[in-house]
Amino acid sequence: MRDVIEAHVLMDRVGALSEQKRKKVAAARDIDVRPVRLMTLSGKGGWAADPQIRARYAESTNVTLLDHLLSVVRGAVTFAALDTLAANPELDRNIFRSQLRVVAAIAFLHDLDKDLELARDTALPLEPLAARWSHYGLGDFVGPDHAMQPDQVRALIEHVEVSQGHRSPAVTAPSRTIRHLMRYVALADKLDGLWLKEGIDAVLERLSTDDTLSADFLKSLATIDLFDPHHPFLVDELQRYLSAQCERLAEVPPLIEIHQDGRLVMLIPAEQAEEIKQEGIKRLGRKLTRALFQLRINVSVRAVPELLDAQPDHEDLLDYMAKASLDRDFSRLFLVKASFADAVHTANLDELLGGLGLSPAWPKATGQTLTPFPSPGELPAPAQLHLRRAAHLLVLLNHKQVKELPDYETRELQLLEAVGAERPQWIAALSDRISRQVFTGLWAVAVASVDAEVLQRVWGEEGLLQRWLEGPEGDRGLRDTIASKGGPIVDAVTEHFAAAIANRLVCAEGAGNKRCLFTDQPLTQRATFTPADKLYEVKKSAFSGRDGRLEDIDSAQGEAQVSPVSYAEHRFRSHMHAAAGGKPDGIPTLLSSPSTTGLFAALALDNEADFGSLSVYDLAREQISKGRVYRGFDAYRHRYRVARFERMPERTEGQVDQLRLLLQSTLRFGRPIHLFRGLPSPERAFFAFDAMPRRLADLIGGSRLRLEQIPTALERLESANLILSTNGLGFEVFDRYARPMTRLGAVCMAWAQLHDDAKDGQADRSGRFRREFEQLMEEPLMSDTEAPLVELGRAAARIQQRPRGGASANEELLSFNLSLETAIGAWKLGQRDAESLTMAVAGELETNLTRKQKIAAAKNRDGETLQDAFVAFARRFVETVWFDVLNGRPPAQASRRVLAGIYRMSFLTAPRPKSDAEPETTTENAD
Numbered sequence: 003m004r005d006v007i008e009a010h011v012l013m014d015r016v017g018a019l020s021e022q023k024r025k026k027v028a029a030a031r032d033i034d035v036r037p038v039r040l041m042t043l044s045g046k047g048g049w050a051a052d053p054q055i056r057a058r059y060a061e062s063t064n065v066t067l068l069d070h071l072l073s074v075v076r077g078a079v080t081f082a083a084l085d086t087l088a089a090n091p092e093l094d095r096n097i098f099r100s101q102l103r104v105v106a107a108i109a110f111l112h113d114l115d116k117d118l119e120l121a122r123d124t125a126l127p128l129e130p131l132a133a134r135w136s137h138y139g140l141g142d143f144v145g146p147d148h149a150m151q152p153d154q155v156r157a158l159i160e161h162v163e164v165s166q167g168h169r170s171p172a173v174t175a176p177s178r179t180i181r182h183l184m185r186y187v188a189l190a191d192k193l194d195g196l197w198l199k200e201g202i203d204a205v206l207e208r209l210s211t212d213d214t215l216s217a218d219f220l221k222s223l224a225t226i227d228l229f230d231p232h233h234p235f236l237v238d239e240l241q242r243y244l245s246a247q248c249e250r251l252a253e254v255p256p257l258i259e260i261h262q263d264g265r266l267v268m269l270i271p272a273e274q275a276e277e278i279k280q281e282g283i284k285r286l287g288r289k290l291t292r293a294l295f296q297l298r299i300n301v302s303v304r305a306v307p308e309l310l311d312a313q314p315d316h317e318d319l320l321d322y323m324a325k326a327s328l329d330r331d332f333s334r335l336f337l338v339k340a341s342f343a344d345a346v347h348t349a350n351l352d353e354l355l356g357g358l359g360l361s362p363a364w365p366k367a368t369g370q371t372l373t374p375f376p377s378p379g380e381l382p383a384p385a386q387l388h389l390r391r392a393a394h395l396l397v398l399l400n401h402k403q404v405k406e407l408p409d410y411e412t413r414e415l416q417l418l419e420a421v422g423a424e425r426p427q428w429i430a431a432l433s434d435r436i437s438r439q440v441f442t443g444l445w446a447v448a449v450a451s452v453d454a455e456v457l458q459r460v461w462g463e464e465g466l467l468q469r470w471l472e473g474p475e476g477d478r479g480l481r482d483t484i485a486s487k488g489g490p491i492v493d494a495v496t497e498h499f500a501a502a503i504a505n506r507l508v509c510a511e512g513a514g515n516k517r518c519l520f521t522d523q524p525l526t527q528r529a530t531f532t533p534a535d536k537l538y539e540v541k542k543s544a545f546s547g548r549d550g551r552l553e554d555i556d557s558a559q560g561e562a563q564v565s566p567v568s569y570a571e572h573r574f575r576s577h578m579h580a581a582a583g584g585k586p587d588g589i590p591t592l593l594s595s596p597s598t599t600g601l602f603a604a605l606a607l608d609n610e611a612d613f614g615s616l617s618v619y620d621l622a623r624e625q626i627s628k629g630r631v632y633r634g635f636d637a638y639r640h641r642y643r644v645a646r647f648e649r650m651p652e653r654t655e656g657q658v659d660q661l662r663l664l665l666q667s668t669l670r671f672g673r674p675i676h677l678f679r680g681l682p683s684p685e686r687a688f689f690a691f692d693a694m695p696r697r698l699a700d701l702i703g704g705s706r707l708r709l710e711q712i713p714t715a716l717e718r719l720e721s722a723n724l725i726l727s728t729n730g731l732g733f734e735v736f737d738r739y740a741r742p743m744t745r746l747g748a749v750c751m752a753w754a755q756l757h758d759d760a761k762d763g764q765a766d767r768s769g770r771f772r773r774e775f776e777q778l779m780e781e782p783l784m785s786d787t788e789a790p791l792v793e794l795g796r797a798a799a800r801i802q803q804r805p806r807g808g809a810s811a812n813e814e815l816l817s818f819n820l821s822l823e824t825a826i827g828a829w830k831l832g833q834r835d836a837e838s839l840t841m842a843v844a845g846e847l848e849t850n851l852t853r854k855q856k857i858a859a860a861k862n863r864d865g866e867t868l869q870d871a872f873v874a875f876a877r878r879f880v881e882t883v884w885f886d887v888l889n890g891r892p893p894a895q896a897s898r899r900v901l902a903g904i905y906r907m908s909f910l911t912a913p914r915p916k917s918d919a920e921p922e923t924t925t926e927n928a929d
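Take the position in the sequence shown, starting the count at 1, then add 2; the result is the number in this note's numbering.
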């Protein structure tokens, strides 16, 4: 990985870097976001123009060539190492390691024909083979002891491919030992292909019949096959823990492990299978307990704090407050009415707290409450100590009222008594209770900072806060009222996955007539949640009136039921989103992208490390200083969740941009991305979106794309973005551009608008549409409306001189406008005869082009006379445009704009002798 992939393969990328960009990358200010070349080629399941080849490719799941090659490398090396050492444990390890390097090198080159983009079964040419061997650093990797000539490398590759065996023998054959090891490469290649085409059963069948492996433990495998699309975050964690326990207990990673499209499939050693499952599920439960059900503080929208999920004693709460993250949630403990952020109260707070380093720094008012400490983490260390002490006090002073606590007024009086000093009058005079108690708490901290006895009476081991939390001696306190739902929730999750892995039905005993919001599982009325539970972007009020919801005419509160497993899933999502950072954006679209793929995928992964999170913006980000970046190969060292918090926007402009970012992400990350609006279903395409809006599907070529189709789709999306953001184009032109049958007209209109904008001094961004027009001209598909205008534009080059650079749109449309205006004028006079219309148009053209000195040179007409050329152009216009396209009637303004755009571009791009007119001076290649 380090010597070949990171040092050489990662450097081989698609496209060129500008000199300025190269310097920024070298200075570690930017990263190179160009896709790795081997990630843009299909290893299995690609796409081809030939329908028969395309149908064959469609039978396999689409993966990148790099993923397939690394899968075969891992499989070949692991099989060779374990099988050989099991049969010969006394083998010289150093010699064997050097031989395994050859196995890895040949495995990486075994599909060189795909790398070189050669036709299937083409003999490998030696010169390109030698170039790739050197380019990837494989000569240095295998070392001098196994230096090989290109014909020896080719012979070993052909030894792997059974159909090509002995086709090109080397002058000097590789050693027998090396040739013997090639059978492991062939087995790994076959297993990876079977898995991607036929599935897990085909892999098991091949292992049972193949005689390559002699070690029984490598062939005796148990299957984990779990479909749980409602809980992808939990299944991710389960996969990681199962994989880690497989390595720990069986000393080998799972042969196959992948979580995609709602399904987790793993192949683990049968001998240790039950223990691996039990330990994996047990560790998932421990993870949830640590992450979700430790002590936490929730501050409601009314600025009322509440202790949740654990029953701390005084010492536990002191420890928690000393370690609590000084983030936005922490600052909410000090929320007061926004009206107190005035000059008078700010001056009073400065006088009271300035000596502690806690002068208020009011943020800009955005609501009814404000905190004087919006960024507590930026305060000096001594000030942070005082602020933590104040937070400890305020959590209990303002805590949600329960019967085991004195009421708010009593708590306030008890605090004043414990401090034993007179509170400032400006605080006592405040009418808002919460604000008064916040300022009172800060005042108490200020007093305690200079009076150790006050500190002891309030925060000490037997102080006021201890009595509120633990209760007076022999009585209940606040801690006794805190419900800990962690145990039952975690038990439900572990039972759920134990049953699912064992393919055992789960019976919901004692369930009521309510249903889980996510899974439709029968539940009792009590299986609900509150905002304080922080289920990611799930709000009760959003589901009022849904079937199965408790309807209570005496209560205006919404209510929705959630099963314990779904509760854990959505609360864990909040936990992961908080760790990743960013602003929540509603319920995300269900997105599936595997964190692992291929054989022995966990071989180079750190299973002890938590999943990383990458958004589409992280994958697109170039500047390191702007936030999290993806350098191109991290997925082969670490498990990642990709774009799990993304949501498809409602507006077309947002959908186009989001789709562009998602497709870019597939190329940057090198793994399939599948989006679902409902429950997922298995998809073989590299990119799939089951509910893609019809307009976008037409734009990019369908709702399912193979790897080779993505670059073209990205080009279309970038063009669509440009259309939507350009004044004078917008949605109407985008709609035409999205549909294949009207795309040509939209391309011409977009080019014309941008071309005209460039004449007015704007940057010329018309080049991409010029290129797309030329591509469309080579395709056979053209509508009955577009084709006549294209031909008319070509014919106009025979009679009208090509406009010079900087010419106006009127000059470029001169022949078209003259013809159309003449026909409209004749139509108004009742003239309907085709021949008389033809003569009228021809006469008008000859008169005006002669007068304006715009007649084309004679060499453009291939010996045809000028008069005949005028008549031929006029007849083409009348017959194919006026009668066939316009049905003999004047067009609407919108239709005329489209027709004129197609004609104009066809006329300007029509082939002419170079001397016909000066070439246009544009910068059309600048996008």
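Think of the CB as a built atom: it goes at the ideal place given N, C-alpha and C, for glycine as much as any other residue.
- For the pair residue 192 and residue 495, the Cα-to-Cα distance works out to about 37 Å.
- Its Cα nearest to that of residue 280, the residue 497 stands out among 87, 369 and 497.
- A check of alpha carbon separations from residue 754 across 909, 654 and 115 identifies 909 as the nearest.
- One thing to note: residue 78 has its Cβ no nearer than 8 Å to the Cβ of residue 149.
- For residue 266, the enclosing beta strand (DSSP E) has its first and last residue at 265-271.
- In the structure shown, residue 616 falls within a strand segment according to DSSP collapsed to helix, strand and coil.
- Under the DSSP assignment, residue 594 falls outside any alpha helix (DSSP H), being part of the beta strand (DSSP E) whose first and last residues are 592-594.
- Per DSSP, reduced to three states, the secondary structure at residue 341 is helical.
- Just so you know, the alpha carbons of residue 849 and residue 786 end up roughly 31 Å apart.
- In this structure, residue 737 places its C-beta atom within 8 Å of the C-beta atom of residue 697.
- Under the three-state reduction of DSSP output, residue 227 falls in the strand class.
- Contact between residue 600 and residue 69 holds, since their C-beta atoms are separated by about 6 Å, short of 8 Å.
- Per the coordinates, the alpha-carbon of residue 449 lies some 30 Å from the alpha-carbon of residue 477.
- Considered as a whole, the stretch 21-70 harbours 44-46 as its complete beta strand (DSSP E) runs of no fewer than 3 residues, in chain order.
- Pairing residue 92 with residue 199 gives a Cβ-Cβ distance that is not under 8 Å.
- In the DSSP secondary-structure assignment, residue 690 is bridged to 676 and 706.
- 266 is the residue among 266, 514 and 812 whose C-alpha sits nearest the C-alpha of residue 683.
- The shortest CA-to-CA distance from residue 490 to any of 569, 577 and 407 is the one to 569.
- Following the DSSP letters along the chain, one finds residue 101 inside the alpha helix (DSSP H) bounded by residues 95-111.
- Here residue 316 is buried. Its C-beta has 16 or more other C-beta atoms within 10 Å.
- Setting aside the 5 residues that flank it on each side, residue 399 is surrounded in the same chain by 413, 439 and 443, each with a C-beta closer than 6 Å to its C-beta; the list follows chain order.
- According to the DSSP assignment, residue 258 belongs to the beta strand (DSSP E) that extends over 258-262.
- Across the set 131, 116 and 788, the C-alpha of 116 shows the shortest separation from the C-alpha of residue 42.
- The beta carbon of residue 912 lies closer than 7 Å to those of 795, 796 and 799 in the same chain, with the five residues before and after it left out.
- Between the stretch 232-252 and the stretch 278-292 there are three or more inter-stretch CB-CB distances shorter than 8 Å, so the stretches are counted as touching.
- Residue environment analysis places residue 474 among the exposed positions, since fewer than 16 neighbouring C-beta atoms fall within 10 angstroms of its C-beta.
- Residue 126 holds the alpha-carbon nearest to the alpha-carbon of residue 114 among 103, 126, 105 and 104.
- If you ignore the 5 residues before and after residue 231, its C-beta comes within less than 7 Å of the C-beta of 264, 681 and 682, all in its own chain and listed in chain order.
- Ranking 885, 37 and 612 by CA distance to the CA of residue 241 puts 612 first.
- The residue from 441, 18 and 419 with its alpha-carbon nearest to that of residue 428 is 441.
- Contact between the stretch 97-115 and the stretch 617-630 is not established, with fewer than three Cβ pairs separated by less than 8 Å.
- In the three-state DSSP reduction, residue 601 falls in the strand class (E or B).
- Excluding its 5 nearest sequence neighbours in each direction, residue 635 has C-beta neighbours in its own chain below 7 Å: 7, 8 and 12, listed in chain order.
- Under the three-state reduction of DSSP, residue 214 is assigned to coil, being neither helix nor strand.
- A direct Cα-Cα distance of roughly 34 Å separates residue 705 from residue 109.
- With contacts defined by Cβ atoms closer than 8 Å, residue 669 and residue 691 do not form a contacting pair.
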